[in-house]
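For reference, the structure discussed in these notes is given below.
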C-alpha cells in the first residue's frame, strides 16, 4: 500500500466534494461558492477580473456572507473606481 500524505488525502476528499459549473463557479459541499456567483450561503472571492463585478453585486445581495482575500478586496476597489471614474 502506498503511504499518502495527510495533505494529499485531504485534497482528494475536497476534490470529491467540489464541482465546477458553466459560469466557472466552484461549488463546495452545497454551502460555499468560489469565484463566480451561484446563490449559496457563503461566497468566497479569491481573485478578481472585471467581468466578476456584476456577479459580485448579486452575491452581496443574495448570499448570507461574501468574503474576499485582501488582494481581491483591493482590486475590487480599484476596478469599481475605474467604472465610476
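Numbering (the numbering used here), first residue to last: 297 to 381. Note that the Cβ used here is the ideal one computed from N, Cα and C, for glycine as well.
- DSSP places residue 344 outside both helix and strand once states are collapsed to three, so it counts as coil.
- In the three-state reduction of the DSSP assignment, residue 367 falls in the helix class, which pools H, G and I.
- For residue 303 and residue 334, the gap between their C-alpha atoms comes out near 28 Å.
- Under the DSSP assignment, residue 330 falls in the beta strand (DSSP E) whose first and last residues are 328-330.
- For residue 362, the beta-bridge partners assigned by DSSP are 339.
- Beta-bridge analysis with DSSP links residue 324 to 314 and 328.
- Rounded to the nearest whole angstrom, the CA to CA distance from residue 332 to residue 345 is 10 Å.
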